[in-house]
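Student: Just so you know, the sequences run in chain order A and B.
When we follow my numbering, the leftmost residue of the first sequence carries the number 1, and every step to the right adds one.
When we follow my numbering, the leftmost residue of the second sequence carries the number 261, and every step to the right adds one.
Below are the structure tokens for one structure; questions will follow.
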Amino acid sequence: MTHTEDKKSMLSQGIYIFVYLALLTGLEFFVAVTFKSVALLILVAFVKAALVVYYYMHIYKLNAEHEGGHDSYEYKSGTNRLGLWLFLVSDTFVFGGLMVMRINLLGLTHPDLSQFLGLGVTSVLLISSFFMNRGETMIKNGDRKGFLNNTLITFILGLGFLIGVVFVEWRLAAHEGLIASFGDPAKGPVGAVFYMMTGMHAFHVLTGLIFLAIVWNNGRKGLYDEKHYPVEAAAVYWHFVDVVWIFFYPALYLIGAAII
Amino acid sequence: MTKSKSVGSGLLLLVIGGVVGYGIGLGLDAVITGKPNFSGSVAGLFALLASVTAFFFGVFGYRGITRGLTWQVAGTILGGLFVTAIRFLMGMRGSALFGGFFFSEPAWVFGALVGAVSFLFGVGAVDDWMKWARGLDTPDHHEDVPGWEKYLGVSLDHKVIGIQYTVTALVLISVGGLFALIFRTELAASQLQFLTSTFRLFNQTGPQIYNALMSLHGMVMIVSILLGIAGVMNYVVPLLLGAHDMAFPRMNAFAFWLAVPAAVLLLLSLILGGFETGWTGYPPLSSRGPVGVQMFFLGVFVAGWSSILGALNVLATVLRMRAKGMTAMRLPILVWASVATSIISLTATQLIGLSFQLVMFQRLLGMGFFDPAKGGNPVLFQHLFWFYSHPAVYVFVLHGLGVISELLPVFVRKPLFGYRWVAMSSLGIALVGFIVWAHHMFTSGMNEYLRVPFMYSTLLVAVPTGVKFFSWVATIWGGKIATPAPTPLLFTVGAIFVFLLGGLTGPPNATVSVDLHLHDTYFIVGHFHDTIFGGFVFPFFAALYYWFPKATGRRMNEFWGKVHFWLMTPSFLILTFGMMRIGLLGMRRRIVDYDTALGFDTTHLVLTICGFLIALSVLIFLINFFRSMKHGEVATGNVWNSRSPEWQVPSPMPAHNYGVPFEVVGEPYDYGLPGSKYIEFAPAQGKKH
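Printed below as a string of structure tokens:
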């Protein structure tokens, strides 16, 4: 399946990709509860990430040739796109560092968390990415109303994810003794790792929500009917936050044996 | 209002602000702790903040940097009070709210963060972005007011920002150098002379102050190096590329203005109890200690963001803003070096930010990342830390090595030998630099099987570095060197020589068997001062003498430039040789005192004298630098007879650079080849940017 430009096939491509991602997430969960192959979990995570990076974040656009001079909107958007991707590369090192910390301190164990809730918030974030992609496709095809609706749904789902992690999951984890484990040598650093990783990710979700709100508000005024790069930027950033979670979800919920 | 008059009123207000701030701090301290502490942190804190803000108020009025600093102070206090209020509501009283450092530690951390963000809003570095977020449009360019005032406020012009960076770097180099002089004086003789245990300053004893100054010397110098590199890159890279500005002018300004609150935070760390960890900030030492450690972490974190965003901008500029015909293999070497530097800054810097953040959380919330008692791993910190901090030294030197390769052909009037190899060697050093970090940890207790691979990867760095030396020597060979040698050439050749010494003393440290003996001795101190002087300080001075006419339309004084060089170079060589000698004999680094029986007194005295001579030479440079801006010999033409595009137009450079775009038609360094051309300006009807 190659990337495509007309509205209808772009929307249906978004649906196909979402179905693949959902199936892969199901496979991931199945692997985790049955034969626990770490290699397979890592492979699935990379496949999911590659799908999002290519089809939802359309990384191939970095390669696009631009008509017009250095002062054209197209060319400037290309420069902005490059800048955004460079920023994402930089940000990846933060999350990579957290992952290294997690592997070093926890190894083949993971915090004993609610699997139901984990799968739930993961699905919510994945669905939000799907609607983000729809919203972006619509504004590029001149459908302001569709863009606003889809962005609003993305925003609500993102907010749901944030609430699910920070207000539900963190509380449950606290009841499981994960905060108490900060000071408890017997329990190891599992609580510290869990709160740090989810906290850093939640901070990025929060900034993504702020961008979505700005884009939605300005889109309402009709600012992006012609020049829609800001929507693309907010979308790419939103998908990036999703990609991070694609790796953090197995790292925190699925890999290895559960410990307090 | 003329400049001298405003500087005068600034200095007057500096004194008044200092006295008033000291009085307020003393009073507050007396209220909180019951008795006034004349050398305490609170008095010093208010004196510093009030005097600096008042100085800029006198010079500049309530706008630009003054407004930023005022907002930073206000933001810090409000943020601190916010956390203090929450702690009060949670039932904490007394010393959990206020103490010898005024606020409690969590209040300081939150307040300092709010303060740094407030600075950016106050100074106006985010104005345009806030307008965009509200859906308003802003003009592409903001015209600067002519004269010196544009340097004290937000400007989007890359040349203004480059000069802002450079001057800030020079200020911080002076501050860091001053710190070095203070502790170098203490080291001149064995036993404690003036930093004794009865000495009290900022709630610290003499040896504690020594440790804080020694640590801050490291970090302030690192930040000043990053700013110095950013200064030269900002000024020169768009000119070399033929761009009218950087790719993201607003982010460029934002990155620079981040560095100012970062510098304030770093200085606050000295006042708020200092930090005794060395610049590396290893836990468990850094997970204890007063709140100064946190200010140090925050300062580095903010400065790190400045570096990351600056690097991002350089990469985007090089990839997107090149003149017509400037293909990869026709880029000036300095641009290649900037790219290599920026790749490291963009990515690895996040890891030092992360490692420091983790220690901050460990201190604030008790999360046991690096605490073995809670299942954490202190060696993990060292891995995360050195993953940035080793490549960081390549950030420091790669740009300087690029300056050497850029300047050398101009002065020996010959093509650069092996252009492609030199260009690729910068990238090679940068990439190999990512896999060598653990050579700092041979004695740390990490797994022993890691030692040998890291030894070999480290030795591998010598290969691309050797390519550079080979190119420089082959370029000089048979060249027509101008006599008397102009100052930039002196510093370029000095850089090659000093960096050679730094390079040759490197492999012994990389070799595990030798490093086990040399680790944490003065040999290491001598080695890295050689590399940093050769890779940054000498090329930085060379670049300043070389591009000064481009920025100001005047030349720096040649005589005093030569005095600077001939005073600094021998003093510096004696300094580092002396350091390496006593290091081999067993002098430990980072310590305030040493045993008289070791017999190092004479050497240390010589080292101290050399330190002061270097300081004198830099003072001469600074006077020359600032005096020449107004009184230097006028030089508006192609002073160095260079082929580079920026010298083909009159100096100083106009606001939007080249009025007429140019096209690259030849090789950049074909000096001395008859009829060869590097660039050609388009016919005059070319579109004006």
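Beta carbons: idealized from backbone N, C-alpha and C, even for Gly.
(1) Any beta carbon of chain A sitting closer than 8 angstroms to that of B:Gln642?
(2) Helix, strand or coil for B:Thr607 per DSSP?
(3) Considering only C-alpha positions, which residue in the set B:Gln622, B:Ala600, B:Leu432 is nearest to B:Pro544?
(4) Report all residues from its chain with a CB closer than 8 angstroms to the CB of A:Tyr75; omit the five preceding and five following residues, and keep chain order.
(5) Beta carbon of A:Leu126, beta carbon of A:Leu206: below 8 angstroms?
(6) Does the CB of B:Gly635 have a neighbour CB from chain A at under 8 angstroms?
(7) Ignore the nearest five residues each way along the sequence and tell me which others in B:Leu572's own chain have a CB closer than 7 angstroms to its CB.
(8) Starting from A:Ala258, trace the alpha helix (DSSP H) both ways and give me its first and last residue.
(9) Which same chain residues end up closer than 7 angstroms to B:Glu951 when comparing Cβ atoms and leaving out the 5 residues on each side of it in sequence?
(10) A:Leu172: buried (16+ other C-beta within 10 angstroms of its C-beta) or exposed?
(11) By the criterion of Cβ-Cβ separation under 9 angstroms, what are the contact partners of A:Ile214 in chain B?
(12) Taking only three categories from DSSP, how would you classify B:Lys947?
(13) Between B:Arg353, B:Ala307, B:Thr344, which lies nearest to B:Val333 when the distance is taken from Cα to Cα?
(14) Quick check on B:Gln464: buried or exposed, where buried means 16 or more other Cβ atoms within 10 Å of its Cβ?
(15) At a cut of 8 angstroms, does the region 640-658 of chain B reach the region 607-619 of chain B through at least three beta carbon pairs?
(16) Can at least three beta-carbon pairs, one atom from the region 733-749 of chain B and one from the region 788-799 of chain B, be found at a separation below 8 angstroms?
(17) Here's the rule: buried if 16 or more other CB atoms are within 10 angstroms of the residue's CB, otherwise exposed. What is B:Asp397?
(18) Could you name the residues of chain B that A:Leu206 contacts, counting a contact when the two beta carbons are closer than 8 angstroms?
(19) Compare the beta carbon distance of A:Phe130 and A:Ile139 with 8 angstroms and say whether it is the shorter of the two.
(20) Please report whether the beta-carbon of B:Gly628 lies at a distance below 8 angstroms from any beta-carbon of chain A.
(21) For A:Pro250, decide whether its Cβ has a neighbour in chain B, counting only Cβ atoms nearer than 8 angstroms.
(22) Could you check whether the Cβ of B:Thr607 sits closer than 8 angstroms to any Cβ belonging to chain A?
(23) If the cut is a Cβ gap below 7 angstroms, which residues of chain B does A:Gly83 touch?
(24) Under 8 angstroms: do the region 31-39 of chain A and the region 471-479 of chain B share three or more Cβ pairs, one atom per stretch?
(25) Can you pull the chain A residues whose beta carbon is under 7 angstroms from the beta carbon of B:Leu579, in chain order?
(26) Is the CB of B:Phe922 under 8 angstroms away from at least one CB in chain A?
(27) Name, please, each residue of chain A whose Cβ falls closer than 7 angstroms to the Cβ of B:Leu611.
(28) Is it the case that the Cβ atoms of B:Leu776 and B:Ile784 are separated by a distance below 8 angstroms?
(29) Determine, for B:Ile568, whether the minimum Cβ-Cβ distance to residues of chain A falls below 8 angstroms.
(30) CA-CA distance, B:Ser831 and B:Phe808?
(31) Less than 7 angstroms between the CB of B:Leu373 and some heavy atom of the ligand COA, yes or no?
(32) Does any C-beta atom of chain B lie closer than 8 angstroms to the C-beta of A:Phe87?
(33) Against chain A, with Cβ distances strictly below 8 angstroms, would B:Gly946 count as a contact?
(34) Which whole-angstrom value is the C-beta distance of B:Trp681 and B:Ser731, which I expect to be below 8 angstroms?
(35) By a C-beta neighbour count over all protein chains shown, 10 Å radius and 16 as the cutoff for buried, is B:Asp855 buried or exposed?
(36) Who are the neighbours of A:Ala192 on chain B, taking C-beta pairs under 7 angstroms?
Tutor: In this structure, then:
(1) Counted from its first residue, the second sequence places residue 642 of chain B at position 382. It does not; no Cβ of chain A falls within 8 angstroms.
(2) On the second sequence, position 347 is the one that residue 607 of chain B refers to. Note: B:Thr607 maps to helix in three-state DSSP.
(3) As a working note, residue 544 of chain B is residue 284 in the second sequence. Answer by Cα proximity: B:Gln622.
(4) By 1-based counting over the first sequence, the position of residue 75 of chain A is 75. Here the set comprises His66, Gly68, Gly69.
(5) For the purposes of this step, residue 126 of chain A is taken as the residue at position 126 of the first sequence. For the purposes of this step, residue 206 of chain A is taken as the residue at position 206 of the first sequence. In this structure, A:Leu206 does not lie closer than 8 angstroms to A:Leu126 by Cβ.
(6) Sequence index remark: in the second sequence, residue 635 of chain B carries index 375 (1-based). Chain A contact via Cβ: present.
(7) For the purposes of this step, residue 572 of chain B is taken as residue 312 along the second sequence, with counting starting at 1. Cβ neighbours of B:Leu572 beyond the five flanking positions: Leu606.
(8) Position 258 of the first sequence holds residue 258 of chain A. Element bounds for A:Ala258: not the alpha helix (DSSP H) but the beta strand (DSSP E), 257-259.
(9) This structure cannot speak to residue 951 of chain B, because chain B is shown only from 261 to 949.
(10) Along the first sequence, one-based indexing puts residue 172 of chain A at 172. It is exposed - the Cβ of A:Leu172 has fewer than 16 other Cβ atoms within 10 Å.
(11) Position 214 of the first sequence, counting from 1, holds the residue named residue 214 of chain A. Under the 9 angstroms cutoff, chain B gives Trp392, Ala393, Arg394, Gly395.
(12) Position 687 of the second sequence holds residue 947 of chain B. With a pLDDT of only 47 at B:Lys947, under 50, the local geometry of the prediction cannot be trusted, and no value is derived from it.
(13) Within the second sequence, numbered from 1, the residue matching residue 333 of chain B stands at position 73. When each option's Cα is compared against that of B:Val333, the closest is B:Ala307.
(14) As a position in the second sequence, residue 464 of chain B is number 204, starting the count at 1. Looking at its Cβ environment, which holds 16 or more other Cβ atoms inside 10 Å, B:Gln464 is buried.
(15) yes
(16) no
(17) Along the second sequence, one-based indexing puts residue 397 of chain B at 137. Its Cβ having fewer than 16 others within 10 Å, B:Asp397 is exposed.
(18) Position 206 of the first sequence holds residue 206 of chain A. Within chain B, no residue comes near A:Leu206; the closest Cβ sits about 15 angstroms away, beyond 8 angstroms.
(19) Numbered from 1 along the first sequence, position 130 holds the residue referred to as residue 130 of chain A. Numbered from 1 along the first sequence, position 139 holds the residue referred to as residue 139 of chain A. Against a cut-off of 8 angstroms, the Cβ pair of A:Ile139 and A:Phe130 comes out as no contact.
(20) Here residue 628 of chain B is taken as the residue at index 368 of the second sequence, counted from 1. At least one chain A Cβ lies under 8 angstroms of B:Gly628.
(21) Translated into the one-based positions of the first sequence, residue 250 of chain A becomes position 250. Not one chain B Cβ lies under 8 angstroms of A:Pro250.
(22) Counting from one through the second sequence, the residue named residue 607 of chain B turns up at place 347. B:Thr607 counts as touching chain A.
(23) Translated into the one-based positions of the first sequence, residue 83 of chain A becomes position 83. Near A:Gly83 (Cβ distances below 7 angstroms), the residues of chain B are Ala507, Phe508, Leu572, Ala576.
(24) no
(25) Position 319 of the second sequence, counted from the start, is the residue given in the question as residue 579 of chain B. Under the 7 angstroms cutoff, chain A gives Leu82.
(26) Taking the second sequence and counting its residues from 1, one reaches residue 922 of chain B at position 662. Output row for B:Phe922: interface = no.
(27) Locating residue 611 of chain B in the second sequence gives position 351, counting from the first residue. Phe93, Gly97, listed in chain order.
(28) In the second sequence, residue 776 of chain B corresponds to position 516, counting from 1. In the second sequence, residue 784 of chain B corresponds to position 524, counting from 1. No, the pair does not count as a contact, with Cβ atoms beyond the cut-off.
(29) Counting from one through the second sequence, the residue named residue 568 of chain B turns up at place 308. Judged by the 8 angstroms Cβ criterion, B:Ile568 is in contact with chain A.
(30) As a first step, residue 831 of chain B is located in the second sequence; it is residue number 571 there, counting from the start. As a first step, residue 808 of chain B is located in the second sequence; it is residue number 548 there, counting from the start. Rounded to whole angstroms, B:Ser831 to B:Phe808 spans 25 angstroms at the Cα level.
(31) The ligand COA is absent from the structure shown, which contains no ligand whatsoever.
(32) One-based indexing of the first sequence puts residue 87 of chain A at position 87. Yes - at least one Cβ of chain B is within 8 angstroms of the one on A:Phe87.
(33) The residue you call residue 946 of chain B lines up with position 686 of the second sequence. With a pLDDT of 46 at B:Gly946, under the threshold of 50, the modelled position of that residue is not reliable, and the figure given next carries that caveat. Chain A, which has no Cβ nearer than 8 angstroms to the Cβ of B:Gly946, makes this no.
(34) Start at 1 with the first residue of the second sequence, and residue 681 of chain B comes out as number 421. Start at 1 with the first residue of the second sequence, and residue 731 of chain B comes out as number 471. Contact holds; Cβ gap of about 7 angstroms.
(35) To locate residue 855 of chain B, count along the second sequence from 1; it is residue 595. Exposed: under 16 other Cβ atoms inside 10 Å.
(36) Position 192 of the first sequence holds residue 192 of chain A. The contacting residues are Met627, Gly628, Phe629.
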